[in-house]
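All the letters of the sequence shown, read from the start, carry residue numbers 568 to 702 under our numbering.
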Amino acid sequence: MVSRRIVMKFPHRLLDQPIISNLVKDYNLEFNILKASVMPNEEGLLVLELTGTEKDYEKALEYLKKTGVNLQPLSQDIKRNDKRCTHCGACVTICPAGALALDQKTRKVDFHDDKCIVCGLCINACPVRAMEIHF
Ligand code: SF4
Ligand code: SF4
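See the structure below:
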């Protein structure tokens, strides 16, 4: 058995398709939804942990690719180096998941790592390199 985390991006036309239930029905996979969101461009985004046999997992990936789902393995994690962050706010508008948000009271930028979808966009956007990717 293997257990792997992947990021799946769904074009708008696939949002109402029973893709996840097909993974269970046709490929005998178990899934655990780690994150789910609809991006501003109406692209759906799911971070899943999939568990099953290696063979079924590979076949399921083929099915997803054929269907038009964009796949990205999730073998990394995003962390913020709080000692470096100057709360400049440059990352707030770039983050598609709302994981970096300005606290109106403190005027500081909070990092909600439970919302982070590991897209990596904040890495280059941060002028002081406070956002770090860990493998
Ligand atoms: S861009 Fe970098 S320094 Fe600015 S608020 Fe975001 S993490 Fe902090
Ligand atoms: S990687 Fe950065 S920009 Fe992407 S969701 Fe996480 S915090 Fe937001």
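Ideal Cβ positions, reconstructed from N, Cα and C, are used throughout, including at glycine.
These figures come from a predicted structure and were not determined experimentally.
Cβ pair residue i, residue j closer than 8 angstroms
i: Gly635; j: Leu601; result: no
i: His703; j: Val685; result: Shown here, the chain extends from 568 to 702; a query on residue 703 therefore has no answer.
i: Ala664; j: Lys682; result: yes
Residues of its chain near residue i, where Cβ-Cβ distance is below 8 angstroms and the 5 sequence neighbours each way are ignored
i: Cys592; result: Looking at the sequence shown, residue 592 is not Cys but Lys. The answer is none, since no qualifying residue turns up.
i: Val659; result: Leu667, Ala668, Leu669 and Val676
i: Leu596; result: Leu590, Leu617, Thr618, Gly619, Asp623, Tyr624 and Ala627
i: Arg674; result: His654
Proximity test, Cβ basis, 8 angstroms: residue i and chain B
i: Asp623; result: No chain B is present in this structure, which holds just one protein chain.
First through last residue of the alpha helix (DSSP H) which encompasses residue i
i: Val676; result: Careful: Val676 lies outside any alpha helix (DSSP H), inside the beta strand (DSSP E) at Lys675 to Phe678.
i: Leu667; result: Counting along the chain, Leu667 falls outside any alpha helix (DSSP H), though it belongs to the beta strand (DSSP E) covering Leu667 to Asp670.
C-alpha gap between residue i and residue j, whole angstroms
i: Cys693; j: Asp644; result: 16 angstroms
i: Leu612; j: Gln639; result: 11 angstroms
i: Lys633; j: Gly687; result: 25 angstroms
i: Leu631; j: Asn648; result: 35 angstroms
i: Lys576; j: Ser588; result: 16 angstroms
i: Pro585; j: Lys650; result: 44 angstroms
i: Asn599; j: Asn691; result: 30 angstroms
i: Lys672; j: Glu629; result: 48 angstroms
Cβ-based neighbour list, residue i, same chain, cut-off 7 angstroms, excluding 5 preceding and 5 following
i: His579; result: Glu609 and Glu610
i: Lys646; result: Glu699 and His701
i: His679; result: Ala666 and Ala668
i: Ile546; result: Outside the shown range of the chain (568 to 702) lies residue 546, about which nothing can therefore be said.
Opening and closing residue of the beta strand (DSSP E) in which residue i lies
i: Asn691; result: Premise fails: Asn691 lies in the alpha helix (DSSP H), Leu688 to Ala692, not in any beta strand (DSSP E).
i: Leu581; result: Counting along the chain, Leu581 falls outside any beta strand (DSSP E), and DSSP gives it neither H nor E.
i: Thr634; result: Element bounds for Thr634: not the beta strand (DSSP E) but the alpha helix (DSSP H), Glu621 to Thr634.
i: Leu596; result: Segment: none, Leu596 is in no beta strand (DSSP E) and carries neither H nor E.
i: Lys576; result: Val569 to Phe577
Neighbourhood of residue i by C-beta distance below 6 angstroms, restricted to the same chain and skipping five residues each side
i: Cys652; result: Ala697
i: Glu621; result: Val569
i: Asn637; result: Lys576
i: Val605; result: Gly611
i: Ala603; result: Leu613
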